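Quick notes on the structure that follows.
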Amino acid sequence: MAKRIILGAVAVLLVIAAAYGSFYIAPEERTMGVVQRIFYFHVGSAWAGMDAFFLCFIGNLLYVWRRDQKYDWLSVASAEVGLALMTVVLITGPIWAKPAWGIYWTWDARLTSTFVLWLLYVSYLLLRSLVEEPDRRALLSALFGIFAFLDVPLVYFSIRWWRTQHPAPVIMGGPGSGLDPTMSKVFFFSVLAMHVLMAFLIVERYSLEKMKSEVDILQREAEAQ
Amino acid sequence: MKNLDSVFAAYLIGWGVFFVFYLSIAKRTSDLRAEIERLKNSLPRAK
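So the protein sequences, as listed, match chains S and H.
According to our numbering, the first sequence is numbered sequentially starting from 1.
According to our numbering, the second sequence is numbered sequentially starting from 1.
Take a look at the structure:
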């Protein structure tokens, strides 16, 4: 419990420091101006969200292989946290797009594949709520989760494979791409902060799933008596 | 500072989403903790 409180406090402090860096340390971008500062929060959340879905995918694979409940708990915890992060991405993106592009939304490859990713993980959680029997629920959702993860590489590569309204990658984007050194430091610090926040939320959500399992066992014991 | 309101809106709504999500986890945890206590207390009585 004490470790979880410390992790939560560290996550909050890092997120506050990242926001401070985004507003006061990172220089203002020449063409977009102040609105570009959304970049640090938007992309940090997107990377952490995709990593949460990767953890969910690993949990899904391990569950199918080992049939251990712990992997199912890891998967559902990561999926829910990934979904929260992707919700932030889908909200902050349009807020940034309106002043930058003049429109909130367009159905280009990056935006559409991200929205589809969000829908896939909403479906993953809906599927879990529809199946009552724990082992069947875990197996079905693990199989669906493996399928849902196929969209993550598609989201990542969409701006490399197709011409999109969404900007081309500035990190690992090839010749001509890249960030100012101070922007780069603030950006990677924001990515770290969002990952620590992601880890804290996954630990909290995992512990909730563990408690649900304890309730199931106690309920079965109570019914047996 | 053109568009500063958009930057504040993005950060505030984003943090709001995380805060509401954390509150939902905390609420569900507290409900389950109460349920575990209730079930644990009911079991010895049934014996």
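All C-beta atoms, glycine included, are put in the ideal place defined by N, C-alpha and C.
Only a predicted model underlies this, so the values are computations on that prediction, with no experimental measurement involved.
In the three-state reduction of the DSSP assignment, GLU133/S falls in the coil class, being assigned neither a helical nor a strand state.
Contact of ALA10/H with chain S by beta-carbon distance below 8 Å involves ILE38, PHE41, HIS42, ILE91, THR92, ILE95, TRP96.
Cβ neighbours of ILE38/S within its own chain (closer than 7 Å, five residues either side excluded): THR92, ILE95, TRP96. It is roughly 21 Å from the alpha-carbon of ARG66/S to the alpha-carbon of ASP216/S. Residue-level contact check: THR106/S does not touch chain H, since none of the beta carbons of chain H fall below 8 Å from its beta carbon. For GLY44/S, the enclosing alpha helix (DSSP H) has its first and last residue at 38-66. Chain H places no beta carbon closer than 8 Å to that of THR114/S, leaving this residue out of the contacts.
Between GLY44/S and SER184/S, the gap from beta carbon to beta carbon reaches 8 Å or more. For MET86/S, none of the residues of chain H pass the 8 Å Cβ criterion, the least Cβ distance being about 10 Å.
With respect to the 8 Å criterion, TYR121/S and ALA148/S are classified as neighbours on the basis of their beta carbons.
At a cut-off of 8 Å between C-beta atoms, SER30/H does not count as an interface residue with respect to chain S. Taking 8 Å as the cut-off, the Cβ atoms of ARG110/S and VAL155/S count as close. Using a Cβ-Cβ cut-off of 8 Å, LEU43/H is close to LEU218, GLU221, ALA222, GLN225 of chain S, given in chain order. For the 8 Å CB-CB criterion, LEU140/S and LEU127/S form a contact.
For GLN69/S, the uninterrupted alpha helix (DSSP H) segment begins and ends at 69-101.
Contact check for THR87/S against VAL17/H passes: the beta carbons are separated by less than 8 Å. In this structure, ASN3/H sits away from VAL89/S, with a CB-CB distance that is not shorter than 8 Å.
For SER213/S, the uninterrupted alpha helix (DSSP H) run begins and ends at 181-224, by DSSP. At a cut-off of 8 Å, the C-beta of LYS27/H has no neighbouring C-beta in chain S. Check the Cα spacing between VAL196/S and each of THR182/S, GLU223/S, LEU119/S, VAL10/S: the tightest is with VAL10/S.
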